[in-house]
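Report on the structure given below.
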Amino acid sequence: MTDDFRTSSNKRKIINDPLYGFITIPSDLICDLVDHPFFQRLRRIRQLGMTFYVYPGANHTRFQHALGAAHLMSSALEVIERKGCAISEEEREAAVAAILLHDIGHGPFSHALEHSIVQTVDHEVLSQLFMDHLNRETGGALDLAIGIFTGSNPRPFLHQMVSSQLDMDRLDYLNRDSFFTGVTEGVVGSDRILKMLRVFGDQLVVERKGIYSIEKYLISRRLMYWQVYLHKTVIAAEQMLVKALSRARLLAADGTRLFTTPALHDFLYPGPLSENPLGDLPRLLSSFSQLDDSDIFSVLKVWAGHQDPVLSLLSGGLLNRRLFSVRIRKTAWESTVIEELRQKAMKIRKISWEESKFLVFTDIIANNAYADEEDQILFLDNSGQLLRLSETSDIVNVPLLSRTDSKHILCYPKWLFQDSDTKRQF
Numbered sequence: 244m245t246d247d248f249r250t251s252s253n254k255r256k257i258i259n260d261p262l263y264g265f266i267t268i269p270s271d272l273i274c275d276l277v278d279h280p281f282f283q284r285l286r287r288i289r290q291l292g293m294t295f296y297v298y299p300g301a302n303h304t305r306f307q308h309a310l311g312a313a314h315l316m317s318s319a320l321e322v323i324e325r326k327g328c329a330i331s332e333e334e335r336e337a338a339v340a341a342i343l344l345h346d347i348g349h350g351p352f353s354h355a356l357e358h359s360i361v362q363t364v365d366h367e368v369l370s371q372l373f374m375d376h377l378n379r380e381t382g383g384a385l386d387l388a389i390g391i392f393t394g395s396n397p398r399p400f401l402h403q404m405v406s407s408q409l410d411m412d413r414l415d416y417l418n419r420d421s422f423f424t425g426v427t428e429g430v431v432g433s434d435r436i437l438k439m440l441r442v443f444g445d446q447l448v449v450e451r452k453g454i455y456s457i458e459k460y461l462i463s464r465r466l467m468y469w470q471v472y473l474h475k476t477v478i479a480a481e482q483m484l485v486k487a488l489s490r491a492r493l494l495a496a497d498g499t500r501l502f503t504t505p506a507l508h509d510f511l512y513p514g515p516l517s518e519n520p521l522g523d524l525p526r527l528l529s530s531f532s533q534l535d536d537s538d539i540f541s542v543l544k545v546w547a548g549h550q551d552p553v554l555s556l557l558s559g560g561l562l563n564r565r566l567f568s569v570r571i572r573k574t575a576w577e578s579t580v581i582e583e584l585r586q587k588a589m590k591i592r593k594i595s596w597e598e599s600k601f602l603v604f605t606d607i608i609a610n611n612a613y614a615d616e617e618d619q620i621l622f623l624d625n626s627g628q629l630l631r632l633s634e635t636s637d638i639v640n641v642p643l644l645s646r647t648d649s650k651h652i653l654c655y656p657k658w659l660f661q662d663s664d665t666k667r668q669f
């Protein structure tokens, strides 16, 4: 083991969580993982990215969420074991480790900058790379956990508890995000749901009498997406942040000297990590493990005074909550509307056509609460028959929940419109 792991025996930690009360770190290995710098970095990464611009209480972190999900995993395994499913101590520890580390690959502001810093690599891939690194440090202690995380473990239900349409990740983040935002529509009965779980044919299933709790869970998830995760002001802030990083990367590629933190520099300026991040894994993990929300705020504070009009406008707007307007509708925005707004931005700010694309732009947002054709939530009735949600629920409109609800957004600075009459034209 490396110096990052403190090898004392019989370590236990009790943590006071605002959702679950006192939760216990169940083993020495889990305690060592929590104490590791890779995991401690999650204290400095907001769970909900830029959502605090709308809901000021949404400053909770990936660290809190990971601990909460690990607690739910321990509770769920106890329920399943009491119902006759044999689970070894090694499997129990591995499952807790897998869910604890499932988000360790998230970068600053979580999903907001998912593909803006390490452009071609998803956070799930980074999570596995970090887990592989930790596994080498611990002499293979995470072999079983990695198998559960990737789905290669021969007991599928363990992976389903980490990643599925009814996993410990979602059960924690819905309640946690609801608690810290104050949006009560996201509250789900996680205690009831856990008590309804069992294993049937090595698959995670729900006892049929738990149908109403699952209905509430799915509806809550859909509502949280539109009220919180895809709130139009959250979208505005996240889009501005992405555009600021994109503008900075373009300037850096042209040779402009920009203030950066050491960790961000490797991903911003042309080089191995910005062009082929997976080509040098040790350097990727070393640099990425130093990145957190503070790196981004640090550069935004300096970039707000930069001579580039686009970078300074985006950065200053984020610092002082001068956020763009967002218009949302079902159909795509006409190119004539976009062109007119860009021309107006060019005239007001004396910028080029290419620069105006950072200020006026479109995108598509989508919400899919339940995928009925894959990774289904299955229910077990008293006769031992497995049923799909659509065969069990009398309330939930499964086709509606399964449909991907897409909307088209148009973002632009509010100063493009000086009066409401002009704005109504769009």
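Each residue of the sequence shown is one higher than the one before, starting from 244 at the first, in the working numbering.
For each residue, glycine too, the CB sits at the ideal point set by N, CA and C.
| Check | Outcome |
| --- | --- |
| DSSP state of residue 308 mapped onto helix, strand, coil | helix |
| Pair within 7 Å by beta-carbon distance, residue 620 and residue 632 | yes |
| Assumed close pair residue 241, residue 374 - CB separation to whole angstroms, cut-off 8 Å | The chain is shown from 244 up to 669; residue 241 falls before or after that span and cannot be answered. |
| Beta strand (DSSP E) runs contained entirely in the stretch 519-607, provided each spans 3 or more residues | 568-572 |
| Whether residue 308 touches residue 445 by CB criterion (7 Å) | no |
| With 16 other Cβ atoms within 10 Å as the buried cut-off, status of residue 571 | exposed |
| Three-way DSSP call (helix, strand, coil) for residue 652 in this model | strand |
| Straight-line gap, residue 431 to residue 451 (C-alpha atoms, nearest Å) | 17 Å |
| Residues near residue 465 in its chain [Cβ-Cβ closer than 6 Å; skip 5 each side] | 612 |
| Alpha-carbon to alpha-carbon, residue 652 and residue 575 | 8 Å |
| Residues that DSSP places opposite residue 442 in a beta bridge | 447 |
| Segment contact, 8 Å Cβ cut-off, at least three pairs: the stretch 537-551 with the stretch 577-592 | no |
| Cβ-Cβ distance between residue 528 and residue 349 below 7 Å | no |
| Beta-carbon separation (whole angstroms), residue 524 vs residue 372, contact threshold 8 Å | 6 Å |
| Residue 255 in three-state terms, based on DSSP | coil |
| Assigned exposure category for residue 457 - 16 Cβ within 10 Å defines buried | buried |
| Length of the line joining the Cα atoms of residue 476 and residue 293 | 9 Å |
| Completely contained alpha helix (DSSP H) runs for the stretch 251-296, where each covers 4 or more residues | 271-278 and 280-283 |
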